[in-house]
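Data first, discussion second: the structure below is written as structure tokens.
2 protein chains.
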Amino acid sequence: MKSDVANVTLAEIQAPVRRELDSVFDELARVVKADVPLVNDVSEHLLRVKGKLFRPTLLLLSAQAVGQITPKEVTLAAVAELIHISTLLHDDSVDHSPLRRGQPTVNAAFSHEVAVIMGDYLYSRAIEQLVKLKSQESLEIMSRVTNELTIGEMREVVAFDGLDFSESDYESMILAKTASLIAGACELGALAGGEEWRGPLRRFGTNLGAAFQIADDLLDYTATEEATGKPVGQDLREHKVTLPLIVALSRMNPDERRLVDDLMADPSPEDSEIAAVIQVVDARGGIVAARERASEMVQRAETELEAVPVGSARDALSASITYCVERSR
Amino acid sequence: MKSDVANVTLAEIQAPVRRELDSVFDELARVVKADVPLVNDVSEHLLRVKGKLFRPTLLLLSAQAVGQITPKEVTLAAVAELIHISTLLHDDSVDHSPLRRGQPTVNAAFSHEVAVIMGDYLYSRAIEQLVKLKSQESLEIMSRVTNELTIGEMREVVAFDGLDFSESDYESMILAKTASLIAGACELGALAGGEEWRGPLRRFGTNLGAAFQIADDLLDYTATEEATGKPVGQDLREHKVTLPLIVALSRMNPDERRLVDDLMADPSPEDSEIAAVIQVVDARGGIVAARERASEMVQRAETELEAVPVGSARDALSASITYCVERSR
Chain A
39 MKSDVANVTL
49 AEIQAPVRRE
59 LDSVFDELAR
69 VVKADVPLVN
79 DVSEHLLRVK
89 GKLFRPTLLL
99 LSAQAVGQIT
109 PKEVTLAAVA
119 ELIHISTLLH
129 DDSVDHSPLR
139 RGQPTVNAAF
149 SHEVAVIMGD
159 YLYSRAIEQL
169 VKLKSQESLE
179 IMSRVTNELT
189 IGEMREVVAF
199 DGLDFSESDY
209 ESMILAKTAS
219 LIAGACELGA
229 LAGGEEWRGP
239 LRRFGTNLGA
249 AFQIADDLLD
259 YTATEEATGK
269 PVGQDLREHK
279 VTLPLIVALS
289 RMNPDERRLV
299 DDLMADPSPE
309 DSEIAAVIQV
319 VDARGGIVAA
329 RERASEMVQR
339 AETELEAVPV
349 GSARDALSAS
359 ITYCVERSR
Chain B
39 MKSDVANVTL
49 AEIQAPVRRE
59 LDSVFDELAR
69 VVKADVPLVN
79 DVSEHLLRVK
89 GKLFRPTLLL
99 LSAQAVGQIT
109 PKEVTLAAVA
119 ELIHISTLLH
129 DDSVDHSPLR
139 RGQPTVNAAF
149 SHEVAVIMGD
159 YLYSRAIEQL
169 VKLKSQESLE
179 IMSRVTNELT
189 IGEMREVVAF
199 DGLDFSESDY
209 ESMILAKTAS
219 LIAGACELGA
229 LAGGEEWRGP
239 LRRFGTNLGA
249 AFQIADDLLD
259 YTATEEATGK
269 PVGQDLREHK
279 VTLPLIVALS
289 RMNPDERRLV
299 DDLMADPSPE
309 DSEIAAVIQV
319 VDARGGIVAA
329 RERASEMVQR
339 AETELEAVPV
349 GSARDALSAS
359 ITYCVERSR
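Residue numbers (my numbering), protein chains in the order written: chain A, 39 to 367; chain B, 39 to 367.
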């Protein structure tokens with residue numbers, strides 16, 4: 039297993055489970071259907087843009103790697119995606135984001151109120167499906183994960199303007215906010231094979247998810263606007279503290295530190311202020327250190343996969359690591 | 039069983055389960071505890087004002103009426119309250135309400151973002167507790183109810199500015215938004231006794247909850263500001279269409295109808311406009327008709343209770359009907 043293959047495409051990763059992913063789309067449409075026209079309008083808006091189905095992909099690949107994909111796994115994959123969409127709805131709603139995946143958010147296209155309620159609707163529908171499956175293990179995994187997601191979001195609230203936010207705070211946050219659902223998807227897939235696969239695949243997902251989030255946060259320091267579709271330094275503009283800054287902060291001299299303090303004191307920092315802080319973070323090794331941290335997690339994810347039976351599904355899981363770290367979301 | 043006893047107090051209704059309700063407070067504190075200081079700060083803010091615990095009260099009384107209250111019922115009662123609180127958090131958040139029960143809302147005391155996330159936190163914690171109980175019936179009841187709640191809220195969105203909102207639309211809305219959780223609490227309590235009590239106690243709760251909501255909506259037309267703590271005609275001010283208006287609308291002449299249309303066209307109606315519409319609604323029998331509808335539901339709730347064994351718990355459930363209809367929330 040090598041993780042340094044460049045330019046892995048999502049289509050390649052999804053190839054072993056392509057047919058089942060099409061069923062996930064149908065399942066999503068079935069699960070969200072209601073007899074309230076407004077609910078159906080919002081669902082249609084949400085499902086019109088076919089998302090990447092990254093969590094369903096990991097769930098189905100995990101199941102295929104250690105067992106067989108049955109209709110149950112297709113439902114579980116839809117549940118994982120619904121929970122993901124419901125967190126995005128609430129994120130966009132509290133951020134007042136106008137766009138998501140290039141489309142108007144529910145927040146913008148309908149209303150803030152509809153976005154909050156619809157998030158609750160999708161989440162409760164997802165739980166209802168889990169209950170109908172009568173799988174105590176699935177319920178335990180997903181009820182734990184959905185609670186962790188909210189804890190992660192609460193930790194993230196503290197990460198804004200939080201210059202005392204430590205590496206360990208950051209790690210707790212990304213484990214809860216991002217890694218938990220990805221790990222949960224892998225663990226739900228593992229249930230198709232048996233108890234012994236749950237640990238390795240969950241830990242694979244945890245490390246994959248954490249690496250993914252670090253890579254995503256790094257983009258804010260390294261990518262161009264053309265590559266990400268959002269302005270460079272957007273996190274800094276919003277006073278959001280992530281790993282590169284946390285590492286660099288402890289190594290800064292008073293003049294450098296003052297640049298950061300000034301930016302955090304400024305409700306609408308200038309591009310030049312942001313560029314100056316990015317430069318200091320880079321000069322103090324914040325970017326390199328964050329890359330190393332992501333690499334460690336990639337290594338651990340690779341190691342966990344070694345326990346999983348060899349095959350095209352395992353290869354695709356391995357390729358998903360590269361995809362995550364290189365492409366981000 | 040008589041429902042025309044005036045001035046039933048909450049303390050009287052709660053007397054048969056007073057000790058267990060104290061345990062519910064402890065259970066709530068246990069369930070919401072987290073290792074994130076911000077989460078605990080918000081929980082403390084929420085639990086500082088001891089709510090009426092109306093849903094836990096109904097759950098425990100239902101259990102006592104047909105069986106025995108065990109620690110499981112105390113946990114279920116805490117779950118019902120947590121789900122209620124989480125819906126209030128999201129309601130206040132989308133309404134930007136500054137006060138609830140005379141205290142600043144989480145929205146106002148912390149932030150809009152924290153209110154949305156905390157609602158998700160409490161809800162997912164509640165589901166986690168249900169999963170830990172390993173009771174498939176409880177999970178089926180509460181996952182159905184929580185989804186109905188969101189459907190009710192979505193139906194309510196349509197009730198604003200909705201002069202084509204019908205009596206049947208209104209009834210669907212209040213059944214989902216208000217009656218579902220109250221019925222769910224009664225049905226969860228009934229599980230302590232056995233399968234045969236689920237139907238009668240659920241239907242008791244459905245009718246009680248619907249009567250409660252109609253009575254609450256009536257207050258907007260009949261009560262004084264001193265009695266309710268909110269301005270008279272607040273629903274009309276916010277263009278919210280409820281039963282008295284729906285009934286009266288179909289009986290209005292063109293001049294009267296124009297008063298309503300003008301109010302709905304005005305983003306900030308004057309007190310005099312509101313008073314004029316209230317007067318027309320009353321003159322056209324909207325208030326009387328809504329009272330009659332509530333009475334029918336009270337009757338049905340009473341009838342359902344006749345199936346339940348005689349005793350102090352059943353008497354308290356009967357008294358809760360009077361309490362609901364006379365006091366509102």
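Note that CB positions come from ideal geometry on N, CA and C, so glycine has one too.
Sorting Ala228(A), Asp309(A), Glu191(A) and Glu233(A) by C-alpha distance to the C-alpha of Val77(B) places Glu191(A) at the top.
For the set Cys224(B), Val46(B), Asp202(B) and Ala230(B), the Cα lying nearest the Cα of Met302(B) is the one of Asp202(B). With its beta carbon at least 7 angstroms from every one in chain A, Val69(B) lies outside the interface.
Within the segment 228-266 of chain B, complete alpha helix (DSSP H) segments of at least 4 residues are found at 233-260 and 263-266, given in chain order. The C-alpha of His128(B) is placed about 14 angstroms away from the C-alpha of Asn185(B). Looking from the CA of His134(A), the closest CA among His150(A), Arg329(A), Ala214(A) and Ile165(A) belongs to His150(A). In the structure shown, Phe92(B) falls within a helical segment according to DSSP collapsed to helix, strand and coil. Contact fails between the segment 334-347 of chain A and the segment 320-331 of chain B, because fewer than three Cβ pairs, one in each stretch, are under 8 angstroms apart. Along the segment 130-177 of chain A, the alpha helix (DSSP H) occurs as fully enclosed runs of 4 or more residues at 144-147 and 150-171, listed in sequence order.
Within chain B, the residues placing a beta-carbon under 8 angstroms from that of Ile189(A) are Ala72, Val74, Val77 and Tyr159, ordered along the chain. Within chain B, Val169 and Leu177 have C-beta atoms less than 8 angstroms from the C-beta of Leu177(A), given in sequence order. Counting only Cβ-Cβ distances below 8 angstroms, Lys172(A) has contacts in chain B at Gln174, in chain order. Thr184(A) belongs to the set of residues whose beta carbon lies under 7 angstroms from a beta carbon in chain B.
Non-local C-beta neighbours of Ala314(A) in its own chain, meaning closer than 7 angstroms and more than five positions away in sequence, comprise Leu297, ordered along the chain. Interface criterion not met: the Cβ of Met302(B) is under 7 angstroms from no Cβ in chain A.
For the alpha helix (DSSP H) assignment, the uninterrupted runs of no fewer than 4 residues enclosed by the segment 284-323 of chain A are, from N- to C-terminal side, 292-303 and 309-321. Counting C-beta pairs with one atom in each stretch, the segment 168-179 of chain B and the segment 194-213 of chain B have fewer than three that are closer than 8 angstroms, which means they do not touch. In the three-state reduction of the DSSP assignment, Phe63(B) falls in the helix class. In this structure, Gln167(B) and Val69(B) form a Cβ contact; the two beta carbons are roughly 6 angstroms apart against a cut-off of 8 angstroms. From the beta-carbon of Ser204(B), no residue of chain A is found nearer than 8 angstroms; the closest lies around 14 angstroms away. Proximity of the segment 49-66 of chain B to the segment 148-163 of chain B falls short of the contact definition, fewer than three beta-carbon pairs being nearer than 8 angstroms.
Look at Lys71(B) here: in three-state DSSP terms it is coil, with no helix or strand label. Proximity to Ala49(B) across Ala357(B), Glu364(B) and Val363(B) peaks at Ala357(B), based on C-alpha coordinates. If you ignore the 5 residues before and after Val285(B), its C-beta comes within less than 6 angstroms of the C-beta of Gly324 and Ala327, all in its own chain and listed in chain order. In this structure, the CA atom of Ala228(A) is about 35 angstroms from the CA atom of Pro142(A). When the Cα atoms are used, Asp130(B) and Asn145(B) turn out to be separated by approximately 7 angstroms. Interface annotation, Val132(B): in contact with chain A, CB-CB separation under 7 angstroms.
The criterion of a C-beta distance shorter than 7 angstroms is not satisfied by Arg139(A) and Ala223(A).
Ile107(A) and Ala230(A) have their alpha carbons spaced roughly 7 angstroms apart. The beta carbons of Ala103(A) and Arg352(A) sit about 5 angstroms from each other, so the pair counts as a contact at 8 angstroms.
Any Cβ of chain B closer than 7 angstroms to the Cβ of Val154(A) would place that residue at the interface, and such an atom is present. Your pair Val112(A) and Glu58(A) checks out as a contact, with CB atoms roughly 6 angstroms apart and the cut at 8 angstroms.
For Arg163(B), the nearest beta carbon of chain A is closer than 7 angstroms to its own beta carbon.
Residues of chain B whose Cβ lies closer than 8 angstroms to the Cβ of His128(A) are, in chain order, Val154, Ile155 and Asp158. The beta-carbon of Glu166(B) is placed less than 7 angstroms from the nearest beta-carbon of chain A.
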